[in-house]
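For the protein sequence lines, the chains are A and B, in the order given. Just so you know, the first sequence maps onto residues 3 to 165 in this note's numbering. Just so you know, the second sequence maps onto residues 793 to 1203 in this note's numbering. We put the beta carbon where it would ideally sit given N, CA and C, even for glycine.
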Amino acid sequence: MEELSKKELVLKQAKLAINFGVGVIAFASIWVFQFTIFPDFFKPEPTIVEFIPDSTEPESVSYFELDSADIENGIHVPTGLIVDDGCQDVMVTCGACHSLDLVTQNRATRDGWKEIIVWMQETQKLWDLGEKEVVILDYLAKNYAPENTGRRKNIENIEWYNL
Amino acid sequence: MSKKDSRRTFLSKSAIATLAAIVGSKVVFAENFPKELEPVGLQPDEVKVKIPGKSDQLKILNSKPLSAETPPHLLDDEVTPAHLMFVRNNGIPPEEVDVQKWTLTIDGESVVKPMTFGIKELMDNFDHYSYNLTIECGGNGRAEFNPPAKGNQWGLGGVACTKWTGVRLKDVLNKVGIKDDAVYIGYYGADTHLSGDPDKVVISRGVPIKKALEDETLIAWAMNDQAIPVMNGYPLRLVCGGWPASTSGKWLTRISVRDKEHDGPKMEGQSYRVPKFPVPPGTKVPDDQMKIIESMPVKSIITYPKTGAIIPKGGSFEVRGHAWAGDLKVKKMEISIDFGVTWKTCELKDPINRLAWQRWKINVKLPEFGYYEIWARATDEKGVAQPMVLPGWNPKGYLNNASHRIGVRQG
């Protein structure tokens, strides 16, 4: 009886060792298999890396340069925007939803532009502009400020022709 | 309809990736940028916008959403040709339209039982009517307001009078059955919101039930005996002549009969509203002190000659145009060539039908060498005339009916 149980014990340990070995091999093969097919499975989600501007540039300077061939008399011709600090931010932010005609044809005070932004956020799904809001407001208030046109302007830009 | 599907294909590229590619680097605050959006501001072809079915002589105010107006001298026809009718979009027009499958649903608290009609059913089951109807953008003339009002800076050309053919809204509402408590109707269309959200309603306005039940209020499928231009609402449109054009819903899919003032997007807040009482220019007016614009005011345009005409010495020439007054008729049309000191009454025709604009003309001879302005002034049947300077200022710049002026010279 005792011998038999000893034999059984040895056999049991052997089985255990074999099972463990098989398990390790199986796990390793599954790992290799998944790694081949889904190499990014255990990698963290890619995050957006913030652009770090050159230390010589002020923070408001944007992350891309306008093509100088597109600029005529201080106007960025493809969009019609006045070239100034914040121009690119306006291009990217405002131009996301609507054409920039809607910027260039309007005039408002800083408060007026702020109200327009708030209206778009409340009703038109504009997102939080974060620190860009100041840059954008500075640009708009400076370059697209209202002028006092009185109760009626002169008729302007008449192109004369013989009737 | 596979509106969502087509939208998804259209928006397949990741906006952030596109942005990053355009600007050549990572975009600050890109995490706040909605996933569904394609940035449009940097599209290089933006300056060369061609509006489907429209003359390239229209002045584009905004390329997305599309808005374009007609220079007044191109509005000389009694019936505005389709390619010259202005465009005012609030969102993106439907891209695929299947006329066979297009339906109009009449629903709302104040219908007896909702019903849905195909376009052919509308054509087969109701009498057809055609009317020439003046449609004017509520913001036509906004560009002149001081302080400026935000939005498209319309000059004079956000107006047209075209021939609309369809069925009377009142016939359709009577078929469906409306309850005694009906107060307002509100339309819904198939255009999609600029934010890319396929479920967000772009604009849903309407009119009080009284206006809805007028003979001339149409559910139209034709304009000038042709299919409605794509940008003006193809294949089906509500037409409420004489009222802000935004009450004439384009790409019409649904009309809700409401037991209260309709509350769709751009009915409330400051949209298409003016102060309940006159305010000094630049006043901030709270929402509850604003009222909905109903009939458009009396107005006229000079369509001939085009501003800038040089007249030979001693020559005379015809001056002509159109006049309209919302729900009312125009009873008098005058012009002045001496900056409003004296006025001459013009020949004024009756409208072809109610809510159509009226033609007017007069022969003019300039007294001597010099620079002149021709000012035009219409007076409606209640004695209300156009102002020479800007009318009452309002926060959103609606209802500017100041007299149209052109410059002319005698050589």
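Option in the options with minimal Cα separation from residue i
| i | options | result |
| --- | --- | --- |
| B/Glu1060 | B/Gly998, B/Gly910, B/Pro1097 and B/Gly949 | B/Gly998 |
| B/Ala747 | B/Ser847, B/Asp1007 and B/Leu1030 | Because residue 747 of chain B is not part of the residues shown, which for chain B are 793 to 1203, the question remains open. |
| B/Ser1181 | B/Asn938, B/Tyr921, B/Ser902 and B/Lys1003 | Position check: residue 1181 of chain B holds Val in this sequence, whereas Ser was assumed. Closest option to B/Val1181, Cα to Cα, is B/Asn938. |
| A/Cys96 | B/Ala1168, B/Ala982 and B/Asn854 | B/Asn854 |
| B/Asn924 | B/Ala952, B/Ile970, B/Asn917 and B/Lys912 | B/Ala952 |
| A/Pro148 | A/Pro80, A/Val85 and A/Thr106 | A/Thr106 |
| B/Ser1063 | B/Met877, B/Ala941, B/Glu913 and B/Met915 | B/Ala941 |
| B/Pro1067 | B/Gly1074, B/Pro1057 and B/Met1082 | B/Met1082 |
| B/Met1088 | B/Lys967, B/Asp1119 and B/Ala860 | B/Asp1119 |
| B/Leu1044 | B/Ser1108, B/Asn1192, B/Asp1017 and B/Val889 | B/Val889 |
| B/Ala982 | B/Arg880, B/Pro1027 and B/Thr1099 | B/Pro1027 |
| B/Val1122 | B/Phe918, B/Gly1184, B/Tyr980 and B/Gly1113 | B/Gly1113 |
| B/Asn944 | B/Ile1144, B/Val879 and B/Pro1057 | B/Val879 |
| B/Ile1129 | B/Val1156, B/Arg1146 and B/Trp1152 | B/Val1156 |
| B/Phe1131 | B/Tyr1163, B/Leu896, B/Glu1053 and B/Arg1146 | B/Tyr1163 |
| B/Asn1193 | B/Ala1170, B/Gly1203 and B/Arg1201 | B/Ala1170 |
| A/Lys116 | A/His100, A/Tyr141 and A/Ala98 | A/Tyr141 |
| B/Asp1079 | B/Val1071, B/Arg1065, B/Pro1073 and B/Pro1072 | B/Arg1065 |
Residue-level contact to chain A via CB, residue i, 8 Å cutoff
| i | result |
| --- | --- |
| B/Leu965 | no |
| B/Val1156 | no |
| B/Glu1165 | yes |
| B/Ser855 | yes |
| B/Pro939 | yes |
| B/Thr1099 | yes |
| B/Ala1194 | yes |
| B/Arg1146 | no |
| B/Ile1102 | yes |
| B/Glu838 | Caution applies to B/Glu838, whose pLDDT of 45 falls short of 50 and renders its modelled position unreliable; the model cannot decide the point. |
Minimum Cβ-Cβ distance from residue i to chain B less than 8 Å
| i | result |
| --- | --- |
| A/Asn75 | no |
| A/Cys99 | yes |
| A/Tyr163 | yes |
| A/Ile160 | yes |
| A/Val63 | Confidence is the limiting factor: at A/Val63 the pLDDT is only 41, short of 50, which leaves the residue's position unreliable, though a coordinate-based value still follows. It does not; no Cβ of chain B falls within 8 Å. |
| A/Lys116 | no |
| A/Ile157 | yes |
| A/Leu104 | yes |
| A/Asn145 | no |
| A/Gly88 | no |
| A/Arg112 | no |
| A/Thr58 | Its pLDDT being 38, under 50, A/Thr58 is placed unreliably by the model, and nothing is read from it. |
| A/Gln107 | yes |
| A/Gln123 | no |
| A/Gln15 | no |
| A/Leu139 | no |
| A/Gly152 | yes |
| A/Ala19 | no |
Check whether residue i and residue j have beta carbons under 8 Å apart
| i | j | result |
| --- | --- | --- |
| B/Gly1033 | B/Ile927 | yes |
| B/Pro864 | B/Ile1094 | yes |
| B/Gly958 | B/Trp946 | no |
| B/Ser1048 | B/Ile995 | no |
| B/Val1022 | B/Pro885 | yes |
| B/Lys992 | A/Lys127 | yes |
| B/Val964 | B/Ile911 | no |
| B/Arg1197 | B/Glu1160 | no |
| B/Ile970 | B/Ser902 | yes |
| B/Gly900 | B/Cys929 | no |
DSSP bridge partner residues for residue i (one or two, in chain order)
| i | result |
| --- | --- |
| B/Cys953 | B/Thr926 |
| A/His78 | A/Ile73 and A/Leu83 |
| B/Ile1268 | In the structure as shown, chain B begins at 793 and stops at 1203. Residue 1268 of chain B is therefore absent and cannot be evaluated. |
| B/Pro1067 | B/Met1082 |
| B/Ser987 | Paired residue(s): none; B/Ser987 is not in a bridge. |
| B/Ser1092 | B/Ala1115 |
| B/Arg750 | This structure leaves residue 750 of chain B out entirely; chain B is present only between 793 and 1203. |
| B/Lys851 | B/Glu861 |
| B/Val959 | B/His920 and B/Ile1011 |
Buried versus exposed, by CB contacts within 10 Å (16 or more), residue i
| i | result |
| --- | --- |
| B/Lys846 | buried |
| B/Thr1134 | exposed |
| A/Val24 | exposed |
| A/Val94 | buried |
| A/Ala30 | exposed |
| B/Lys955 | buried |
| A/Pro80 | buried |
| A/Val137 | buried |
| B/Ile843 | buried |
| A/Ile27 | exposed |
| A/Asp103 | buried |
Contact with chain C by residue i, beta-carbon distance below 8 Å
| i | result |
| --- | --- |
| B/Asp989 | Here the protein chains are A and B, and chain C is not one of them. |
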